[in-house]
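Enquirer: Chains as they are written, first to last, in my numbering: chain A, 1 to 145; chain B, 146 to 290.
Think of the CB as a built atom: it goes at the ideal place given N, C-alpha and C, for glycine as much as any other residue.
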DNA sequence: AACAACCATTGACTTTTTCAAGCATTCGCG
DNA sequence: CGCGAATGCTTGAAAAAGTCAATGGTTGTT
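What follows is the structure, encoded as structure tokens:
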């Protein structure tokens, strides 16, 4: 076991800084999730894209980019990868032929399901009421743009 | 105003995924903070390092790396920059001459103070009780390694 | 019909992240 | 004590992620 060197610093004012806690928590979560998803050939990014593509009314790439706060060009790469693996498909939006709707294939939704089981819920150590307040507060911060 | 394209996707299951909310919220926060800090020549990273160097018992680079979850080599670059600008100083730790203790200079702590005022508190729209639960829950997630 | 706005894509470029190797120092153990 | 393993900082290279401008096809507006 590492002798918790970080404890020295634990008393820092940063510990009460929500921005800092946010980034540290998200890094911790992302590292864990990426590790869990690696065997499936996914990362949190591709996992999220797959999840969005699963919707009844699948999103366009632009919507994905906005939702995930990515540059559209990054979405291209993500979708390219998942499409080549047969996990989702691009279709030009009939209502706007510039846009491409991204929908998961059966294989994609199947993989997503196993992936979802693989990723342990991060709020395991938190009680349900607290977890719910957490979700609500985070959602507020995440979508306050 | 943009017609909130992302709303289409707002109902996605991801919206209840804490990991996702965490990363999205932290990206939003980081972008805002970076923007606010830019005029001072700081980013959230350097701001954090400065904050840690302000402690009564200043940390070593290794401790900074661990606390910020960065690779030690990244800390080198950060400290290099801040040191060249006279905002902090390296001193070899008398108790372990391999390690270098990083302490803020007066100029550094002054800049940190103005920086702290510049960065608007992200929990402005959240009531205090909720903010406190948020902090507690985030801390749990952030340090559960 | 013409023009501006918009989506997806490409390519270039910068920044961030991740690794491995190096030197100096410390620690544990014989 | 002395020797090898481990640790802390530093460097440099490679991979990944982020940013930005330009292009082709399409839409919407005038």
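If we count the other Cβ atoms within 10 Å of its Cβ and call it buried at 16 or more, is residue 44 of chain A buried or exposed?
Expert: Position 44 of the first chain holds residue 44 of chain A. Burial call: buried.
Enquirer: Give me the residue from A/46, A/18, A/118 with the minimum Cα distance to residue 78 of chain A.
Expert: Numbered from its first residue, the first chain carries residue 78 of chain A at position 78. Checked all of A/46, A/18, A/118; the closest Cα to residue 78 of chain A is A/46.
Enquirer: Thinking residue 139 of chain A and residue 166 of chain B are a contact (beta carbons under 8 angstroms), I'd like their distance in whole angstroms, please.
Expert: Taking the first chain and counting its residues from 1, one reaches residue 139 of chain A at position 139. Taking the second chain and counting its residues from 1, one reaches residue 166 of chain B at position 21. The pair is a contact, with the Cβ atoms about 6 angstroms apart (cut-off 8 angstroms).
Enquirer: What residue range is occupied by the uninterrupted beta strand (DSSP E) comprising residue 43 of chain A?
Expert: As a first step, residue 43 of chain A must be located in the first chain, where it is residue number 43. No beta strand (DSSP E) contains residue 43 of chain A, which DSSP labels as neither H nor E.
Enquirer: Considering Cα atoms alone, identify which of A/136, A/82, A/137 is closest to residue 102 of chain A.
Expert: Residue mapping note: residue 102 of chain A aligns to position 102 of the first chain, counting from 1. The residue with the shortest Cα to Cα distance from residue 102 of chain A is A/82.
Enquirer: If the criterion is Cβ atoms closer than 8 angstroms, does the pair residue 196 of chain B and residue 14 of chain A meet it?
Expert: By one-based count along the second chain, residue 196 of chain B stands at place 51. By one-based count along the first chain, residue 14 of chain A stands at place 14. It is a contact, given that the beta carbons lie within the stated cut-off.
Enquirer: Along the segment 19 to 32 of chain A, where does the CB come closer than 9 angstroms to a CB of chain B? Name the residues.
Expert: Taking 9 angstroms as the Cβ-Cβ cut-off against chain B, the residues of the segment 19 to 32 of chain A that qualify are 19, 20, 21, 22, 23, 24, 25, 26, 27, 28, 29, 30, 31, 32.
Enquirer: Give the single residue among A/54, A/57, A/134, A/48 whose Cα lies nearest to the Cα of residue 65 of chain A.
Expert: For the purposes of this step, residue 65 of chain A is taken as residue 65 along the first chain, with counting starting at 1. Residue A/48 is the option with its Cα nearest to residue 65 of chain A.
Enquirer: Which whole runs of the beta strand (DSSP E) in the segment 21 to 105 of chain A are 3 residues long or more, in chain order?
Expert: Counting whole runs of 3 or more residues, the segment 21 to 105 of chain A contains the beta strand (DSSP E) stretches 88 to 92, 100 to 104.
Enquirer: Is there a Cβ of chain B sitting closer than 8 angstroms to that of residue 99 of chain A, yes or no?
Expert: Taking the first chain and counting its residues from 1, one reaches residue 99 of chain A at position 99. With 8 angstroms as the cut-off, residue 99 of chain A does not count as an interface residue toward chain B.
Enquirer: Over what stretch of residues does the alpha helix (DSSP H) that includes residue 282 of chain B continue unbroken?
Expert: As a working note, residue 282 of chain B is residue 137 in the second chain. First-last of the alpha helix (DSSP H) with residue 282 of chain B: 273 to 287.
Enquirer: Would you say residue 271 of chain B reaches chain A, if we count a Cβ-Cβ gap shorter than 8 angstroms as a contact?
Expert: Position 126 of the second chain, counting from 1, holds the residue named residue 271 of chain B. Closer than 8 angstroms: yes.
Enquirer: Quick check on residue 264 of chain B: does DSSP put it in helix, strand or coil?
Expert: Here the question's residue 264 of chain B lines up with position 119 in the second chain. Residue 264 of chain B falls in the coil class under three-state DSSP.
Enquirer: Measuring alpha carbon to alpha carbon, tell me which residue in B/218, B/203, B/289 is nearest residue 254 of chain B.
Expert: Indexing the second chain from 1 puts residue 254 of chain B at position 109. Considering only alpha carbons, the answer is B/203.
Enquirer: How would you call residue 61 of chain A, buried or exposed, if buried means at least 16 neighbouring beta carbons within 10 angstroms?
Expert: Residue mapping note: residue 61 of chain A aligns to position 61 of the first chain, counting from 1. With 16 or more Cβ atoms within 10 Å of its Cβ, residue 61 of chain A is classed as buried.
Enquirer: Check whether the segment 234 to 241 of chain B and the segment 260 to 267 of chain B are in contact - that is, three or more C-beta pairs closer than 8 angstroms.
Expert: No: fewer than three Cβ pairs fall under 8 angstroms.
Enquirer: Looking only at C-alpha atoms, which of B/198, B/287, B/281, B/267 sits nearest to residue 252 of chain B?
Expert: What you label residue 252 of chain B is simply residue 107 of the second chain in a count that begins at 1. Ranking the options by Cα distance to residue 252 of chain B, first place goes to B/198.
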